[in-house]
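Asks: The sequence shown begins at -13 in our numbering and counts up one residue at a time. I'd like to ask some things about the structure below.
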Amino acid sequence: MNNSAFPEGFVWGAASASFQIEGAASEDGRKESVWDMYCRKPGAIEDGETGAVACDHYHRFREDVALFKDIGLKAYRFSIAWSRVIPDGTGAVNAKGIAFYDQLVDELLAAGIDSWVTLFHWDYPMELFYRGGWLNPDSPKWFADYAETIVDALGDRVKNWMTFNEPQNVANLGHGSGTHAPGLQLPRKEIARVIHHILLAHGLSNKVLRNAGSDHKIGHAHSGWINIPADPNSAADIAATAKNMFDCSFWHPQKFSWWNDPLQKGYYPEEGLEELGNDAPGIGPDDMAIINQPLDFMGINYYGGTCIKAGQDGEPIDIEYPPGVDTVYPKWVVQPQGLYWGPSLLHERYGRPMAITENGLPNLDWVGTDGQVHDPQRIEWIRTHLNAIHQAIQDGADVMGYFYWSATDNLEWAEGFRRRYGLIHVDFNTQKRTLKDSARWYGDVISRNGMDL
Ligand code: BG6
């Protein structure tokens, strides 16, 4: 148990994403995104579910914000549906789309909750996909123009921004394995090109947000492979862990350093470039300077990590499922200490403030005969992960906040509605919301600023 509170001003929040909650997919001028297309693909989404209604948040956001206030959330991370505000991706702005986010931000402000806005959480406008999507060399500029529209509309009240959510998955799953929208299976040369364009889009939009006011805090929300030393007392295991986490001698679109070295240091890892050879992206003379913009915080989405031990030669050996470690569906390991080692090792490499922009437990929660949702495992999950963050802060990592994923149960992408992450239970037949035990417990933690977890 920690016997000191979290640092003053620590941001206590919960997160969501537009496509997973909003619904109203063809209302008020919204056009399709690649996820609408992907949902139409037979077998792509469990049980053939779609985002057409989801949590109907578009119509029920006031009720949702009232629940966030009941819990005691201090911050709410949500994303903008690009094709709701600019239906064709570029050009005409949809006033009704803007009005929705405008009202949401006002409602949150009135409830005393800070908006943390993600510009892009995967729902890429279909009209831009028809034009080549992230493969098109104009795609970074399209994104920067979109960022300008959003910051013009909301920037007087929204001060915390994330450019991209897990672009690693957009590249790897969306354009590599084809298991996320748009469902492409491209060779690595084209994936590296997609990544380069997303990095440029990050840089250009970062500048746009920065120019909108010196009080704007700009970051991202990235995933990556977080590693945990098998023996936390072994210097060799810790060294092997860091080596594995940042090593780019084998190129993979999921690697932290392939994204964050360019973003935060201004260059791609040399070994990765060598390995890619002719498949490396074409890098224009100004590209790396555009990509390498000041970053106020590094967002980390964490669900589980891989244990590493050092071999005889010091080289890392993966132990994916260490003995005695539990797993949750679908076999993710329960490794709270990843939120000690991730922030600690990322701090050593990048020395930047961090926010845990996602972390949560999927479970099969239901409303009991007493009308309540009892989810002790989620409470244990949050408690142990927060304890790990607290320890990392004690040991020097600068972690500014924690966003539980997710505020409400929602559409878990290809997994449909079965996997419930929410602090708030949603009955998808009736749209009835019920606060889970974990929501009340989390509210209590927030009120104590994390003391005595
Ligand atoms: C992250 C995403 O990958 O993890 C979220 O940013 C997502 O949008 C969450 O819902 C949970 O992932 P999964 O794989 O269970 O859908």
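C-beta: ideal position from N, C-alpha, C; glycine also.
1) On the premise that residue 18 lies in contact with residue 112, defined as a C-beta separation below 8 angstroms, what is that separation, rounded to the nearest angstrom?
2) Since residue 262 contacts residue 178 with CB under 8 angstroms, what's their CB separation in whole angstroms?
3) Per the DSSP calculation, residue 344 is bridged to which residue(s)?
4) Identify, in the order they occur along the chain, each residue of the same chain with its Cβ nearer than 7 angstroms to the Cβ of residue 91, setting aside the five sequence neighbours on each side.
5) Taking only three categories from DSSP, how would you classify residue 428?
6) Tell me, to the nearest whole angstrom, how far the beta carbon of residue 71 is from that of residue 120; I am working on the premise that it is less than 8 angstroms.
7) Please state if the CB of residue 397 and the CB of residue 367 are separated by a distance shorter than 7 angstroms.
8) State whether the segment 33 to 50 contacts the segment 74 to 84, with contact taken as three or more CB pairs (one from each stretch) at a distance under 8 angstroms.
9) Compute the Euclidean distance between the alpha carbons of residue 322 and residue 14, then round it to the nearest angstrom.
10) Assuming residue 69 and residue 109 make a contact with CB atoms under 8 angstroms, what is their CB distance in whole Å?
11) Does the distance between the C-beta of residue 518 and the nearest non-hydrogen atom of the ligand BG6 fall short of 6 angstroms?
12) Just how far apart, CA to CA, sit residue -9 and residue 376?
13) Mind checking who residue 100 pairs with in its DSSP beta bridge?
14) For residue 422, is the classification buried or exposed, using 16 other Cβ atoms within 10 angstroms of its Cβ as the cut-off for buried?
15) Within its chain, find whatever has a CB closer than 8 angstroms to the CB of residue 159; leave out the 5 residues flanking it on each side and keep chain order.
16) Measure the alpha-carbon distance for residue 12 versus residue 73 and round it to whole angstroms.
17) So for residue 293, helix, strand or coil by DSSP?
18) My output table needs one value for residue -3: the three-state DSSP class, helix, strand or coil.
19) Mind checking residue 0: buried by the 16 CB within 10 Å criterion, or exposed?
20) Cα separation between residue 225 and residue 274?
21) Quick check for students: name the residue ranges of the beta strand (DSSP E) that lie wholly in the segment 152 to 237, counting only runs of 3 or more.
22) Ends of the beta strand (DSSP E) at residue 390?
23) Report all residues from its chain with a CB closer than 8 angstroms to the CB of residue 4; omit the five preceding and five following residues, and keep chain order.
24) If you measure from the CB of residue 399, is any heavy atom of the ligand BG6 nearer than 6 angstroms?
25) Alpha carbon to alpha carbon, how far is residue 135 from residue 87?
26) Measuring from the CB of residue 151, is there a heavy atom of the ligand BG6 at a distance below 6 angstroms?
27) Taking the beta carbon of residue 404 as the centre, do at least 16 other beta carbons fall within 10 Å, making it buried, or is it exposed?
28) How far does the beta strand (DSSP E) with residue 421 in it extend, from its first residue to its last?
29) Note down, in chain order, each residue of its chain lying with its Cβ closer than 6 angstroms to the Cβ of residue 326, except the 5 sequence neighbours on either side.
30) Just to confirm, does residue 3 get its C-beta within under 6 angstroms of one of the non-hydrogen atoms of the ligand BG6?
31) With a CB to CB cut of under 6 angstroms and the five nearest residues on each side skipped, what residues in its chain are close to residue 129?
32) Could you tell me the distance, in whole angstroms, from the CA atom of residue 392 to the CA atom of residue 426?
Replies: Reading off the structure:
1) As a position in the sequence shown, residue 112 is number 126, starting the count at 1. As a position in the sequence shown, residue 18 is number 32, starting the count at 1. Yes, residue 112 and residue 18 are in contact; Cβ-Cβ is about 4 angstroms, under 8 angstroms.
2) For the purposes of this step, residue 262 is identified with residue 276 of the sequence shown, where counting begins at 1. For the purposes of this step, residue 178 is identified with residue 192 of the sequence shown, where counting begins at 1. With 8 angstroms as the limit, residue 262 and residue 178 qualify as a contact, their Cβ atoms being about 6 angstroms apart.
3) What you label residue 344 is simply residue 358 of the sequence shown in a count that begins at 1. Residue 344 is bridged to 287.
4) Your numbering for residue 91 matches position 105 in the sequence shown. Excluding positions up to five away in sequence, the list reads 101, 140, 143, 144.
5) Taking the first residue of the sequence shown as position 1, residue 428 is located at position 442. It is helical.
6) As a first step, residue 71 is located in the sequence shown; it is residue number 85 there, counting from the start. As a first step, residue 120 is located in the sequence shown; it is residue number 134 there, counting from the start. Wrong, their Cβ atoms sit about 19 angstroms apart, outside the cutoff.
7) To locate residue 367, count along the sequence shown from 1; it is residue 381. To locate residue 397, count along the sequence shown from 1; it is residue 411. Going by C-beta atoms, residue 367 is not nearer than 7 angstroms to residue 397.
8) no
9) Against the sequence shown, residue 322 aligns to sequence position 336. Against the sequence shown, residue 14 aligns to sequence position 28. The alpha-carbon atoms of residue 322 and residue 14 are separated by roughly 42 angstroms.
10) For this step, residue 69 is matched to residue 83 along the sequence shown. For this step, residue 109 is matched to residue 123 along the sequence shown. Yes, residue 69 and residue 109 are in contact; Cβ-Cβ is about 7 angstroms, under 8 angstroms.
11) No statement about residue 518 is possible, as the shown extent of the chain runs from -13 to 439 and does not include it.
12) The sequence position of residue -9 within the sequence shown is 5, counting from 1. The sequence position of residue 376 within the sequence shown is 390, counting from 1. Answer to the nearest angstrom: the Cα atoms are 8 angstroms apart.
13) Counted from its first residue, the sequence shown places residue 100 at position 114. DSSP, once it has assigned bridges, lists 61 as partnering residue 100.
14) If you number the sequence shown from 1, residue 422 lands on position 436. Flag for residue 422 reads buried.
15) Walking along the sequence shown from the start, residue 159 turns up at place 173. So the qualifying residues of the chain are 165, 166.
16) Residue 12 sits at position 26 when you count from the first residue of the sequence shown. Residue 73 sits at position 87 when you count from the first residue of the sequence shown. Taking the straight line from one Cα to the other gives about 10 angstroms.
17) Here the question's residue 293 lines up with position 307 in the sequence shown. Of the three classes helix, strand and coil, the one that applies to residue 293 here is strand, per DSSP.
18) Mapped onto the sequence shown, residue -3 falls at position 11. The answer is strand: DSSP assigns residue -3 an E or B state.
19) Residue 0 sits at position 14 when you count from the first residue of the sequence shown. Per the 10 Å Cβ criterion, buried.
20) Against the sequence shown, residue 225 aligns to sequence position 239. Against the sequence shown, residue 274 aligns to sequence position 288. Spanning the two alpha carbons is a distance of roughly 29 angstroms.
21) 203 to 207, 213 to 215
22) One-based indexing of the sequence shown puts residue 390 at position 404. Unbroken beta strand (DSSP E) run through residue 390: 385 to 391.
23) Working through the sequence shown from its first residue, we reach residue 4 at position 18. Once the five neighbours on either side are set aside, the close Cβ partners of residue 4 are 64, 65, 66, 67, 70, 107, 109.
24) Locating residue 399 in the sequence shown gives position 413, where the first residue counts as 1. Checking the Cβ of residue 399 against the ligand BG6 gives yes.
25) The residue labelled residue 135 in the question sits at position 149 within the sequence shown. The residue labelled residue 87 in the question sits at position 101 within the sequence shown. Going by the C-alpha atoms only, they are around 12 angstroms apart.
26) Here the question's residue 151 lines up with position 165 in the sequence shown. Yes.
27) Taking the sequence shown and counting its residues from 1, one reaches residue 404 at position 418. Result: exposed.
28) Taking the first residue of the sequence shown as position 1, residue 421 is located at position 435. 419 to 421 is the span of the beta strand (DSSP E), which, as asked, contains residue 421.
29) Walking along the sequence shown from the start, residue 326 turns up at place 340. Only 374, 377, 378 meet the Cβ criterion.
30) Your numbering for residue 3 matches position 17 in the sequence shown. Yes, since a heavy atom of the ligand BG6 falls inside the 6 angstroms radius drawn around the Cβ of residue 3.
31) Indexing the sequence shown from 1 puts residue 129 at position 143. Here the set comprises 187, 191.
32) Working through the sequence shown from its first residue, we reach residue 392 at position 406. Working through the sequence shown from its first residue, we reach residue 426 at position 440. Those two C-alpha atoms are separated by around 14 angstroms.
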